[in-house]
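Respectively, the protein sequence lines represent chains U and Y. Residue 1 is where the first sequence starts when you use the UniProt record's numbering, and the numbers rise one by one after that. Residue 1 is where the second sequence starts when you use the UniProt record's numbering, and the numbers rise one by one after that. The structure appears below as structure tokens.
2 protein chains.
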Amino acid sequence: MADDLPPTAWAVLGLLSFPGERTGYELKKWADASLRFFYWSPAISQIYAELRRLESLGYVTSLHSGAEEPRAKRTYAITEEGRGALAVWAGGGQGLGAPVLKHPVLLRVWLGHLAAPEHLRGLVTEHVARTKGELKEVRDALGRADGVEAWAHPQIALRWSERRLAAEVELAEAMLDDLDAVPGQPPGNSPTQG
Amino acid sequence: MADDLPPTAWAVLGLLSFPGERTGYELKKWADASLRFFYWSPAISQIYAELRRLESLGYVTSLHSGAEEPRAKRTYAITEEGRGALAVWAGGGQGLGAPVLKHPVLLRVWLGHLAAPEHLRGLVTEHVARTKGELKEVRDALGRADGVEAWAHPQIALRWSERRLAAEVELAEAMLDDLDAVPGQPPGNSPTQG
DNA sequence: CTCCACATGTAAAAGGTTACATGATTAG
DNA sequence: CTAATCATGTAACCTTTTACATGTGGAG
Numbered sequence: 001m002a003d004d005l006p007p008t009a010w011a012v013l014g015l016l017s018f019p020g021e022r023t024g025y026e027l028k029k030w031a032d033a034s035l036r037f038f039y040w041s042p043a044i045s046q047i048y049a050e051l052r053r054l055e056s057l058g059y060v061t062s063l064h065s066g067a068e069e070p071r072a073k074r075t076y077a078i079t080e081e082g083r084g085a086l087a088v089w090a091g092g093g094q095g096l097g098a099p100v101l102k103h104p105v106l107l108r109v110w111l112g113h114l115a116a117p118e119h120l121r122g123l124v125t126e127h128v129a130r131t132k133g134e135l136k137e138v139r140d141a142l143g144r145a146d147g148v149e150a151w152a153h154p155q156i157a158l159r160w161s162e163r164r165l166a167a168e169v170e171l172a173e174a175m176l177d178d179l180d181a182v183p184g185q186p187p188g189n190s191p192t193q194g
Numbered sequence: 001m002a003d004d005l006p007p008t009a010w011a012v013l014g015l016l017s018f019p020g021e022r023t024g025y026e027l028k029k030w031a032d033a034s035l036r037f038f039y040w041s042p043a044i045s046q047i048y049a050e051l052r053r054l055e056s057l058g059y060v061t062s063l064h065s066g067a068e069e070p071r072a073k074r075t076y077a078i079t080e081e082g083r084g085a086l087a088v089w090a091g092g093g094q095g096l097g098a099p100v101l102k103h104p105v106l107l108r109v110w111l112g113h114l115a116a117p118e119h120l121r122g123l124v125t126e127h128v129a130r131t132k133g134e135l136k137e138v139r140d141a142l143g144r145a146d147g148v149e150a151w152a153h154p155q156i157a158l159r160w161s162e163r164r165l166a167a168e169v170e171l172a173e174a175m176l177d178d179l180d181a182v183p184g185q186p187p188g189n190s191p192t193q194g
């Protein structure tokens, strides 16, 4: 049992562990709509590559709708072996690494001594707006998953993501206050609310 | 002006934009102690590689303490050109991508239908403990940066990280409750507090 | 008729990690 | 004396992205 696949492979296999069969293209959309909020969405070309690898391991099977269907596509399904391997992987995982966060906005704030204060505020404000948009996306996804028994756990992950994004907004707003309190800086365009 | 360096290169250059000169080895420790909380710490071998690239671009200079010092080491300093390029990079950044989060624990929770409920609880509990440890590390780093005027912005990034980790603990605890509420599951080993 | 979504894949390049190799200094 | 820390680097390998190439079907 090849147990040392990269997390991405398990994520793709995981996508197929829920009821139904899907194409690589569909998998990418699923990943964009939910996986990405807590574990990033691979490029479509990588999804195809992972699917081929998983198939070569016997963890998935594919069916090519060749002559029958007008539009040719390859539909993937998880095998029993794949489900077993995935369960073994899911059952392990003690001593997991810490979550990795790559936050471009924080990277710039960290280097704030090199930028104009208003510019920094602008980046953070933009980030807040974007995050609120993502919050809406998560809520939509949550709405779609609601009530479906097989999706109890994805739903928990989504609920976590929802709270996480709400926290991200609060974090950014608190940072805005910290930014305003940096000494040696003109009062700037931010009204000292109160 | 080669403006299309990967964020990692800017992060390493950024490390050198604070007062003082340092070796690649020291840079790695700095990254482990602060950068990693909001933007991951590159492998030491990659730091050396980035330093060589930055030097070839004229963004940093190095001094090899050859025959003089007993222990040979190469000390890096940012150049004016490097500082300029970094400032340009820091001054841009509108339309930044969303932060990328890779959360191994969430990935397993998402696949919770394949694992034993107690196992899931164990992973999350372990994650809470680890996060609390990181919280302590951030507070230590914050203590070291405290009062140093040149570090106002790194301090803001650290403060953000502190709040973020505190939020992470709360998020995980809320998820534990969600996990207990999954239907079709034995009451388990978690006492229904109340 | 044109644009967008569907659908799949290849190839090159970049990014990044791990393992390996080496050696001095310091703390216990 | 021994282990850990300091210190640097190479090479192989894997992961992942980007750009490219191709073609169908439906909506406006």
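Quick reminder that beta carbons are idealized off the backbone N, C-alpha and C, glycines included.
Distance from the CA atom of residue 24(U) to the CA atom of residue 16(U), rounded to whole angstroms, is 10 Å. Here residue 103(U) carries a coil assignment [DSSP, helix/strand/coil]. Contact annotation for residue 17(U) against chain Y: 111, 113 and 114 [CB-CB distance below 8 Å, chain order].
Looking from the CA of residue 55(U), the closest CA among 78(U), 119(U) and 22(U) belongs to 78(U). Close partners of residue 39(U) in chain Y (Cβ separation under 9 Å): 101, 102, 103, 104, 106, 107 and 110. Among the CB atoms of chain Y, one or more fall inside 7 Å of the CB of residue 156(U).
Against chain U, the beta carbon of residue 144(Y) has no neighbour under 7 Å; the closest one sits roughly 15 Å away.
Under the 10 Å beta carbon count, residue 120(U) is surrounded by 16 or more other beta carbons and is classified as buried. Among the residues facing chain Y, residue 96(U) is included, as its CB has a counterpart in that chain under 7 Å away. Every beta strand (DSSP E) stretch that sits fully inside the UniProt domain "Transcription regulator PadR N-terminal" (12-87) of chain U and reaches 3 residues is listed by chain position as 60-64 and 74-78. Shown here, residue 128(Y) sits in a helix according to DSSP, grouped into three states.
Under a criterion of Cβ atoms nearer than 7 Å, no residue of chain U is adjacent to residue 64(Y); the nearest Cβ is some 27 Å distant.
Note that the C-beta distance between residue 85(U) and residue 50(U) is not below 7 Å. By the rule that beta-carbons nearer than 7 Å mark a contact, residue 160(U) touches chain Y. Residue 152(U) and residue 34(U) have their C-alpha atoms spaced approximately 14 Å apart. At a C-beta separation below 7 Å, residue 130(Y) has these neighbours in chain U: 98. A direct Cα-to-Cα measurement between residue 135(U) and residue 5(U) gives close to 31 Å.
Only exposed fits residue 29(Y), as fewer than 16 other CB atoms lie within 10 angstroms of its CB. Between the C-alpha atoms of residue 58(Y) and residue 52(Y) there is a straight-line separation of about 10 Å. Taking the Cα positions, residue 27(Y) is about 52 Å away from residue 72(U). Of the candidates 104(U), 167(U) and 39(U), 104(U) places its Cα closest to the Cα of residue 90(Y). Chain order gives the chain Y residues near residue 14(U) as 107, 110, 111 and 114, where near means a beta carbon separation below 9 Å. Taking C-beta atoms as the reference points, residue 14(U) and residue 171(Y) fail to come closer than 7 Å. Where residue 172(Y) is concerned, the enclosing alpha helix (DSSP H) starts and stops at 152-180. At a C-beta separation below 7 Å, residue 53(U) has no neighbours in chain Y, since its nearest C-beta there lies roughly 18 Å away. In the three-state reduction of the DSSP assignment, residue 92(U) falls in the coil class. If you draw a straight line from the Cα of residue 131(Y) to the Cα of residue 101(U), it comes to about 13 Å. The shortest C-alpha to C-alpha distance from residue 96(U) to any of 180(Y), 139(Y), 178(Y) and 128(Y) is the one to 128(Y). Around residue 41(Y), the same chain offers 28, 31, 32 and 35 as residues with beta carbons nearer than 8 Å, after the five sequence neighbours per side are excluded. With its beta carbon less than 7 Å from one in chain Y, residue 182(U) belongs to the interface.
Using a Cβ distance threshold of 7 Å, residue 18(Y) and residue 106(U) do not count as a contacting pair.
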